[in-house]
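Residue numbering for the sequence shown follows the numbering used here, starting at 205 and increasing by one per position. Here the structure is laid out as C-alpha cells; the discussion comes afterwards.
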Amino acid sequence: MKECLIRNLCDGPRDYPLSDGSSIYLGSKSHSTGIARIQTENISDALRLAESKGLLSIEEIPDEEASE
205 MKECLIRNLC DGPRDYPLSD GSSIYLGSKS HSTGIARIQT ENISDALRLA ESKGLLSIEE
265 IPDEEASE
C-alpha cells in the first residue's frame, strides 16, 4: 500500500479528518508530532484543501521506503 507523509506547515497544532472516518493530530511544525505517515487512500478532501492553502504538505513515499 502506498503511504504519504503529512507535514504541518503552521506554527500551531491542527486536527484533520481522514477519508476512513478517523482523524490525525499534527503538532506544530517545529515539533516531532508535526509529521504523520498515512496510507494514500486515507487522504481526505480536507487534507487536499489544507494543502492547497499552504497549511500542510503531502509527500508520497516511494515504494521502496514504504515497504520497510
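Backbone N, C-alpha and C define an ideal beta-carbon position, used for all residues, glycine too. Predicted model only: the values in this text are computed from it and were never measured.
Out of 225, 258 and 248, the CA that lies nearest to the CA of residue 208 is found in 248.
One Cα belongs to residue 218, the other to residue 246, and the distance between them is close to 17 Å. By the neighbour-count criterion, in which a residue is buried when 16 or more other Cβ atoms sit within 10 angstroms of its Cβ, residue 229 is exposed. Contact annotation: residue 211 and residue 260 have beta-carbon atoms nearer than 8 Å.
When DSSP reads this structure, residue 212 sits in a beta bridge with 260. In the structure shown, the three-state DSSP call for residue 249 is helix.
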